[in-house]
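In numbering that gives the first Met the number 0, the protein residues as written are 0 to 538.
Report on the structure given below.
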Amino acid sequence: MAVRHFSATGTKTTGDSTPGDWSNANCHPVTSLQTRGFNWPEMVTGDELILDDGSHSFAFIALGPAAAVTGTQIKLRSRSGSASGCTLNFTDGAGSSIRANNNTRAYSLLVSGIKLTKTVSHTVSGPALIQINGTATTEVEFADCIIDDFTNNYTNLGLQGYFGINDGIAAIMRFTRTQISNLTSTHAGGCYFGYVGTLAGMVFDSCDLSEINHTSTGTTSGCDGGITGPGTLSITNCTLTDCTNNAAAWGEYANDAFFHPLGACTINGLVASGITLTGSKSGACVLKAEGPFTLADCWAIDCSAIPGFINGVDGDHTNAVGGTFLTYGEAAQGTATRIRVIRCLADEGTAWYSSQGSGAIVTDIVAEDCIAWLEGVLYFGGWGDVSVDGFRIVGGESGVATYSFEGWAGAFYGHNHTNSTRDKTTTIKNGIIIGHNQRQGGDAFIRMRGLISNFAHNVIVENVVVDNPGNSIQMGFIETAGCALNVSVRNVAINGGESTISIIGSTGTRSISGVTELTAANRPTRWGVSQGNAARRAA
């Protein structure tokens with residue numbers, strides 16, 4: 000294994016370094032990392048570029064047509080292996096700090112144990128830290144790094160935030176045991192954290208992301224969220240803490256979630272806390288999945304997504320879809336299990352929202368002390384089939400405000416959309432609701448609607464216990480004239496029994512049995528939320 004040492008006072012100009020010798024004569028100058036980039040002769044996997052501890056500055060590094068053989072992993076690491084002891088500060092605000100523009104030999108890059116910062120404001124549309132735009136770069140990984148203190152200010156639409164893989168580049172960008180924090184951006188729209196192009200993937204494993212704040216200044220454009228793009232997104236055992244996204248756009252513009260994958264998304268362990276999304280048509284603040292999804296052990300704590308106020312005027316609440324987890328569009332089909340949403344606020348679908356043809360199988364979901372400003376702590380719009388099997392909704396409110404026919408549902412809301420292309424089935428089974436307050440006197444447990452005459456909405460409710468004292472109407476099933484709403488209700492214990500059921504319309508079928516008055520014997524108690532298998536790594 001060959002090594003090359005780099006230090007602030009190094010004088011070496013050619014050749015490898017003697018391992019362990021940090022004398023000036025045995026070290027290349029740090030600035031040669033910029034002037035030569037990674038173009039070191041005959042590098043093979045196992046060779047290392049080792050950066051001395053301390054604080055170092057230069058403009059950027061280019062990962063160009065290196066002399067390394069095809070298939071090599073180029074490794075840049077700190078001398079100590081600790082990111083807290085080795086800082087690399089980039090000083091060029093007119094381009095990416097790491098430029099992976101290699102189009103000749105296929106190789107990968109591993110950066111390990113280094114703190115990466117940028118003291119100047121980034122002022123161009125490309126990503127501030129790294130851009131992979133060379134077709135031969137196969138993978139870039141940041142392992143045990145700290146990425147901190149970047150400012151991204153661009154007057155037009157931002158394209159790739161801080162990390163970007165161009166469309167058509169078959170590369171993976173990995174973050175492993177890495178802390179990413181104190182990132183601040185302002186631009187007119189687009190995404191603000193990272194872009195995953197076609198053929199590409201972005202992977203986060205055991206990472207902590209915090210204090211990533213963005214302002215979208217465009218008044219005629221929205222925000223595509225933090226991470227977006229048609230490539231794949233994978234998250235394992237990560238935290239997302241204290242992040243904000245504020246949009247100035249008014250009217251029918253989207254303001255999207257921090258994680259906004261358009262391609263396949265897999266999350267296995269995520270704790271999001273203190274995430275705030277305001278302005279425009281604020282959708283979900285944590286996740287908006289527009290492609291196939293598999294979610295497990297996901298938490299959202301003290302998060303909010305509401306249109307908010309602009310110049311003292313209340314936001315436009317129409318189509319402000321989703322609070323924390325949103326699946327959107329016909330390509331968004333998947334599963335979710337062990338979902339926990341605690342003390343969160345949104346207009347609709349605070350804990351879960353499926354929309355515009357998205358289908359979901361959700362098991363073991365908990366919403367505790369959540370507020371749906373309009374309606375539906377869990378909201379199933381569009382025309383995709385949705386099943387919830389195993390749920391607990393504890394406390395919280397809905398119907399704090401109303402808009403048109405909205406604001407009258409409580410824990411669950413669903414419809415078959417007027418743009419539907421198919422029959423839809425909504426299944427709600429095996430759950431408990433305790434003390435959820437519907438402020439407008441609406442349907443505190445469930446409101447389901449049939450809105451289109453061409454296609455039916457089939458609703459199945461089974462094995463549910465509801466303790467919502469003070470709500471006279473608990474279950475509402477409403478048909479627009481001629482729109483079939485087929486209702487099957489089995490084994491529901493609820494305050495007031497069958498007297499709390501309201502049915503409007505006669506087109507669809509009705510099958511209701513086993514709806515009984517809640518008694519002391521079957522009344523549930525408020526429960527302590529279990530973490531289950533979630534990797535809840537935040538203190």
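In this text, a Cβ means the ideal position worked out from N, Cα and C, and glycines have one as well.
Since the structure is predicted, the reported quantities are computational estimates derived from the model, not experimental observations.
For residue i, three-class secondary structure by DSSP
i, result
"residue 210", "strand"
"residue 329", "coil"
"residue 308", "For residue 308, the predicted structure reports a pLDDT of 49, less than 50, and the residue's modelled location is therefore unreliable. A value from the coordinates is still provided. Of the three classes helix, strand and coil, the one that applies to residue 308 here is strand, per DSSP."
"residue 405", "strand"
"residue 25", "helix"
"residue 243", "strand"
"residue 8", "coil"
"residue 198", "coil"
"residue 69", "coil"
"residue 437", "strand"
"residue 497", "helix"
"residue 505", "coil"
"residue 34", "helix"
"residue 348", "coil"
"residue 395", "coil"
"residue 84", "helix"
"residue 289", "coil"
"residue 467", "coil"
"residue 191", "strand"
Option nearest residue i by Cα separation, candidates the options
i, options, result
"residue 520", "503, 509, 514, 492", "492"
"residue 281", "21, 261, 304", "304"
"residue 87", "93, 306, 472, 29", "29"
"residue 210", "259, 148, 327", "148"
"residue 254", "322, 201, 116, 330", "322"
"residue 444", "162, 229, 358, 495", "495"
"residue 411", "473, 123, 449, 368", "473"
"residue 192", "296, 166, 176, 260", "260"
"residue 544", "368, 342, 333", "In this structure the chain extends from 0 to 538, so residue 544 is not present and cannot be described."
"residue 387", "370, 367, 396, 425", "425"
"residue 22", "32, 31, 11", "11"
"residue 5", "161, 43, 19, 51", "51"
"residue 90", "121, 80, 384", "121"
"residue 478", "449, 463, 464", "449"
"residue 68", "76, 136, 113", "136"
"residue 470", "490, 124, 441", "441"
Inter-residue spacing [alpha-carbon to alpha-carbon] between residue i and residue j
i, j, result
"residue 310", "residue 437", "Because residue 310 carries a pLDDT of 46, less than 50, the predicted location of this residue cannot be relied on, and no value is offered for it."
"residue 270", "residue 238", "5 Å"
"residue 486", "residue 456", "8 Å"
"residue 356", "residue 517", "36 Å"
"residue 129", "residue 72", "17 Å"
"residue 182", "residue 435", "38 Å"
"residue 331", "residue 439", "32 Å"
"residue 504", "residue 466", "27 Å"
"residue 290", "residue 56", "41 Å"
"residue 406", "residue 278", "20 Å"
"residue 375", "residue 214", "28 Å"
"residue 222", "residue 246", "7 Å"
"residue 488", "residue 326", "26 Å"
"residue 565", "residue 195", "Outside the modelled stretch of the chain, which goes from 0 to 538, sits residue 565, for which no answer is possible."
"residue 324", "residue 228", "18 Å"
"residue 118", "residue 61", "19 Å"
"residue 98", "residue 132", "8 Å"
Cβ-based burial, residue i [other Cβ within 10 Å; buried from 16]
i, result
"residue 308", "Any answer about residue 308 is weak, because its pLDDT of 49 lies below 50 and its placement is not dependable; what the coordinates show is given next. Classification of residue 308: exposed, given that the 10 Å Cβ count is below 16."
"residue 453", "exposed"
"residue 346", "buried"
"residue 126", "buried"
"residue 9", "buried"
"residue 0", "exposed"
"residue 82", "buried"
"residue 306", "buried"
"residue 359", "buried"
"residue 3", "buried"
"residue 173", "buried"
According to DSSP, residues forming a beta bridge with residue i
i, result
"residue 390", "364, 430"
"residue 79", "Residue 79 pairs with nothing; no bridge assigned."
"residue 42", "DSSP output for residue 42 lists no bridge partner at all."
"residue 252", "DSSP, once it has assigned bridges, lists no residue as partnering residue 252."
"residue 204", "175, 235"
"residue 130", "98, 163"
"residue 379", "353, 413"
"residue 110", "75, 141"
CB contact check: residue i to chain D, cutoff 7 Å
i, result
"residue 35", "Reference to chain D is not applicable here, since this structure consists of a single protein chain."
Closer than 6 Å: residue i CB and nearest the ligand ZN heavy atom
i, result
"residue 32", "In the structure on display, the ligand ZN does not appear, and there are no ligands present to speak of."
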